[in-house]
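Engineer: The following block contains the structure, expressed as structure tokens.
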Amino acid sequence: MTDLTPRPGAAPLGRQILAQASMESRLMLRNGEQLLIAVVIPVIVLIGCVTGGKHLHLHESRPLVDIFTPGVLALAIMSTAFTSLAIATGFERRYGVIKRLGASPLPRIGLLAGKVLALVIVELLQLVVIGAVGVALGWSPTVCLAGIVGFVLACVLGTAAFASLGLFVAGVLRAEATLAAANLIYLLLLAGGAVVLPASSYGAFGHVTKVLPSGALGEAVRRAFDDGRIDWAGLGIMLAWAVVGSVLTARTFRWE
Numbered sequence: 001m002t003d004l005t006p007r008p009g010a011a012p013l014g015r016q017i018l019a020q021a022s023m024e025s026r027l028m029l030r031n032g033e034q035l036l037i038a039v040v041i042p043v044i045v046l047i048g049c050v051t052g053g054k055h056l057h058l059h060e061s062r063p064l065v066d067i068f069t070p071g072v073l074a075l076a077i078m079s080t081a082f083t084s085l086a087i088a089t090g091f092e093r094r095y096g097v098i099k100r101l102g103a104s105p106l107p108r109i110g111l112l113a114g115k116v117l118a119l120v121i122v123e124l125l126q127l128v129v130i131g132a133v134g135v136a137l138g139w140s141p142t143v144c145l146a147g148i149v150g151f152v153l154a155c156v157l158g159t160a161a162f163a164s165l166g167l168f169v170a171g172v173l174r175a176e177a178t179l180a181a182a183n184l185i186y187l188l189l190l191a192g193g194a195v196v197l198p199a200s201s202y203g204a205f206g207h208v209t210k211v212l213p214s215g216a217l218g219e220a221v222r223r224a225f226d227d228g229r230i231d232w233a234g235l236g237i238m239l240a241w242a243v244v245g246s247v248l249t250a251r252t253f254r255w256e
């Protein structure tokens with residue numbers, strides 16, 4: 001005889017995290033503004049810089065596409081881990097989504113793990129698209145074990161640093177203020193944060209940009225693909241930003 005007795009209870013944590021990550025990534029890719037920030041703008045920046053960068057006199061040492069593609073890959077990570085995450089979380093707070101998830105069997109660690117996994121899924125899509133565009137434009141990166149390890153470490157620590165800062169912004173500001181602040185910070189770092197252009201392009205200010213999370217991420221990705229080595233200094237700076245952002249988020253984040 002079949003036992004039809006109900007067995008209420010939560011699914012295993014791993015399944016909860018996968019379900020949350022699947023939902024988060026689908027929502028992120030369905031949102032036109034976030035898709036614009038995550039994929040369209042980086043691709044436009046890459047094509048525009050490669051075709052118009054001759055006016056910056058950066059093409060004398062190596063092809064422009066080799067200069068800009070690593071920086072645009074770093075920009076894509078910053079776009080998703082900071083701007084998209086901050087905006088999405090800010091509006092989730094406004095509409096009570098996070099509060100309602102707090103009443104579900106999904107624990108807080110599961111919610112955060114789901115968001116991080118969703119970021120990784122979107123970033124993989126970004127890297128494939130931008131890398132393909134770069135190769136189509138003539139990009140020829142240095143591929144070696146040290147470079148691959150350096151790039152993976154830069155992605156992990158860059159995501160951690162910008163995600164913690166994005167959650168900090170989303171946790172202390174209203175949704176509309178988060179939208180404005182996240183986009184403003186994104187534009188400022190895009191223009192003056194040494195994420196797309198090398199820090200050396202900023203003259204004396206370049207030493208300052210290297211200690212910004214954007215500059216550290218950009219330099220680490222460039223070292224990985226241009227020189228095939230690990231930028232330990234940049235990784236250390238990103239780790240420090242990740243710790244600072246995590247502490248600030250833990251102390252100030254409001255769930256509603």
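The sequence shown finishes on residue 256 if you use the numbering used here, and the numbering steps up by one all the way, no holes. Positions of the beta carbon are idealized from the N, C-alpha and C atoms, including for glycine.
Between the Cα of T159 and the Cα atoms of L73, A180, R15, which residue gives the shortest distance?
Structural biologist: L73
Engineer: Where does the unbroken alpha helix (DSSP H) through L46 begin, and where does it stop?
Structural biologist: 41-52
Engineer: Could you give the residue range of the alpha helix (DSSP H) that holds G14?
Structural biologist: 13-30
Engineer: Considering only the alpha carbon of each residue, which of V195, R108, A86, L212 lies closest to F68?
Structural biologist: Closest by alpha carbon: V195.
Engineer: Determine the contact status of M238 and P198, defining contact as a CB-CB distance below 8 Å.
Structural biologist: no
Engineer: Run through DSSP, which three-state label would W139 get?
Structural biologist: coil
Engineer: Measure the alpha-carbon distance for G193 versus G215 and round it to whole angstroms.
Structural biologist: 5 Å
Engineer: Report the residue from F168, V172, I77 whose alpha carbon sits nearest the alpha carbon of V129.
Structural biologist: I77
Engineer: If you reduce the DSSP assignment to three classes, tell me which class Y186 lands in.
Structural biologist: helix
Engineer: Using only the alpha-carbon positions, how far apart do F151 and L235 sit?
Structural biologist: 10 Å
Engineer: How many Å lie between R93 and A118 at the Cα?
Structural biologist: 18 Å
Engineer: Could you tell me how far apart the beta carbons of F82 and G206 are, in whole angstroms, since I believe they sit closer than 8 Å?
Structural biologist: 22 Å between Cβ atoms; not a contact.
Engineer: Quick check: the segment 32-44 against the segment 128-145, are there 3 or more CB pairs under 8 Å?
Structural biologist: yes
Engineer: Closer than 6 Å by C-beta to K115: which residues in its own chain qualify, once you throw out the five before and the five after it? Chain order, please.
Structural biologist: E24
Engineer: Give me the Cα-Cα distance between L157 and G52, rounded to the nearest whole angstrom.
Structural biologist: Each residue's alpha carbon lies about 31 Å from the other.
Engineer: Reducing DSSP to helix, strand and coil, say where I98 ends up.
Structural biologist: helix
Engineer: Let's see if you can read the secondary structure: which residues bound the alpha helix (DSSP H) around R222?
Structural biologist: The continuous alpha helix (DSSP H) containing R222 extends over residues 213-222.
Engineer: Are there 16 or more other CB atoms within 10 angstroms of the CB of E123, so buried, or fewer, so exposed?
Structural biologist: Per the 10 Å Cβ criterion, buried.
Engineer: Along the chain, where does the alpha helix (DSSP H) containing S246 start, and where does it finish?
Structural biologist: 232-252
Engineer: Please state if the CB of G90 and the CB of T209 are separated by a distance shorter than 8 Å.
Structural biologist: no
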